Structures are given as C-alpha cells and as structure tokens.
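So the structure is just underneath, and the comments pick up after that.
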Ligand SMILES: [Zn+2]
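Residue numbers (this note's numbering): 20 to 180.
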C-alpha cells in the first residue's frame with residue numbers, strides 16, 4: 020500500500036469520487052477558502068490535487084506536496100494521478116470507501132439492507148457494504164463492473180475479488 024492521502028480542490032469533485040472508489044482517502048469540499056485548503060493539506064499531510072496553477076505554486080512555496088492536474092476530463096485526471104504516484108493494482112481497494120463522504124465502508128448482512136436497495140439488487144446480490152456515516156449502500160454490481168472496465172481502458176489491470 021502506498022497509503023497516499025489526497026485533498027482535491029473544488030474543481031476536482033469527480034476525480035475525488037473516483038479516487039475514493041479506488042480506496043484512497045480523499046477529501047473534497049465544494050466550498051472552501053484557498054487558505055483553508057492549504058492549511059488542511061499541510062496539517063493532515065495530504066497531497067493537494069489542483070487544477071489551479073497559482074494554488075499549486077502557493078502550495079509548493081509552503082512545502083506542501085501537490086500535483087497540478089492539467090486535464091479537465093476525469094479519465095485523464097485519474098490516469099495522471101495513478102501514474103504520478105506510481106499507484107499499481109495492488110494499491111487499489113475498490114469500493115472500500117464511500118464515494119459520497121470518504122468514510123470507510125462496513126460490510127453488512129443482507130437483511131440489514133433489505134429496505135435500502137432495489138428488490139432486484141437484493142435478490143441477485145449477496146455482499147453489501149454500507150457507509151456508517153451517510154448510509155449509502157454499495158454492492159458488487161454494475162458500479163464495480165463499470166469501474167473495472169474503465170481502469171482496463173486506462174491500462175490499469177484490476178484483479179477481481
Ligand atoms: Zn458515506
């Protein structure tokens with residue numbers, strides 16, 4: 020595990036969600052002051068991901084580890100991040116973290132999510148994960164398939180569980 024922790028600027032909401040989906044501790048706030056962002060990165064030892072060249076330079080000046088994202092498309096963004104930090108298949112933990120709020124997911128029993136998921140999902144899946152913070156429920160269905168397919172397109176091989 021690389022154990023990389025990220026802080027995404029407010030232009031990188033989609034990238035933040037994808038990084039969480041891959042298992043990386045990634046903070047993101049749609050409304051946050053620049054200074055607050057820099058202080059948080061510094062205090063928590065997070066890598067600041069930004070689209071903003073000026074913010075990037077400020078971070079460098081303050082000795083904060085940072086990475087300037089050039090593309091405005093999330094596929095290229097994620098590809099750039101994985102390459103930059105030499106993240107490999109073994110570093111990924113697909114769907115271990117809530118995409119919405121970054122909380123580590125807990126495995127729950129099928130009965131626990133009966134009321135939370137569509138009936139066909141309940142009938143066709145055995146393994147469910149739930150976010151203890153926001154209550155969002157995840158299952159190894161289309162989300163995982165789609166992400167694995169995306170990663171393959173990006174030439175990142177992913178082991179299936
Ligand atoms: Zn959540």
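Note that beta-carbon positions come from the ideal geometry of N, C-alpha and C, so glycine has one too.
Computed from a prediction, not measured in an experiment: that's the story for all the values here.
Look at residue 152: its beta carbon is less than 7 Å from one of the heavy atoms in ligand 1. Secondary structure at residue 159: coil, using DSSP grouped into helix, strand and coil.
Between residue 29 and residue 46 the beta-carbon gap is near 11 Å, outside 8 Å, which marks them as no contact. For residue 129, the distance from the CB to the nearest heavy atom of ligand 1 is not below 7 Å. In this structure the region 109-124 does not lie against the region 75-89, because fewer than three pairs of beta carbons, one per stretch, are closer than 8 Å. Ligand 1 has a heavy atom closer than 7 Å to the beta-carbon of residue 155. Shortest gap from the CB of residue 53 to any heavy atom of ligand 1: 7 Å or more. Secondary structure of residue 143 (DSSP, three-state): helix.
Fewer than three Cβ pairs drawn from the region 56-64 and the region 137-156 lie within less than 8 Å of each other, which leaves the two stretches out of contact. The criterion of a C-beta distance shorter than 8 Å is satisfied by residue 27 and residue 68.
Straight-line measurement puts the Cα of residue 51 at about 32 Å from the Cα of residue 158.
Burial of residue 39 is indicated by the presence of at least 16 other C-beta atoms within 10 angstroms of its C-beta.
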